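Below: one structure, written as structure tokens.
Okay, here's the thing in structure tokens:
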């Protein structure tokens, strides 16, 4: 799972490294930083053997990350939605019956 995530992050940064739109760049970096901060908090909670569900809202069953709300999905372009669908499909194929 970690290798899958690492590869995805690398490809995302590679895909966006040629962007010259400052607003897009700031938004991209901000979202990834927010995600990193959330995962850092959640992994610390797990390391402390605490129940993450009592500390965070809107988290998936595995206790990591967060679910996308409808507002985020509504703001996504067709390209982003397609990419999200591809990611979901690849993740389901990778995990198989492990989820």
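Residue numbers (the numbering used here): 1304 to 1402. Beta carbons are placed, not taken as given, at the ideal position from N, Cα and C, and that holds for glycine. Note that the structure is a prediction, hence the values are computed from the model and not measured.
CA-CA distance, residue 1320 and residue 1326? Going from the Cα of residue 1320 to the Cα of residue 1326 covers about 14 Å.
Would the beta-carbon of residue 1374 fall within 8 Å of that of residue 1342? No, they are not a contact pair.
What residue range is occupied by the uninterrupted alpha helix (DSSP H) comprising residue 1343? It spans 1325-1350 - the alpha helix (DSSP H) in which residue 1343 sits, taken as one unbroken run.
C-alpha distance - residue 1396 paired with residue 1329, whole-angstrom precision: Whole-angstrom Cα-Cα distance: 32 Å.
In this structure, does DSSP put residue 1371 in helix, strand or coil? In the three-state scheme derived from DSSP, where H, G and I count as helix and E and B as strand, residue 1371 is classed as coil.
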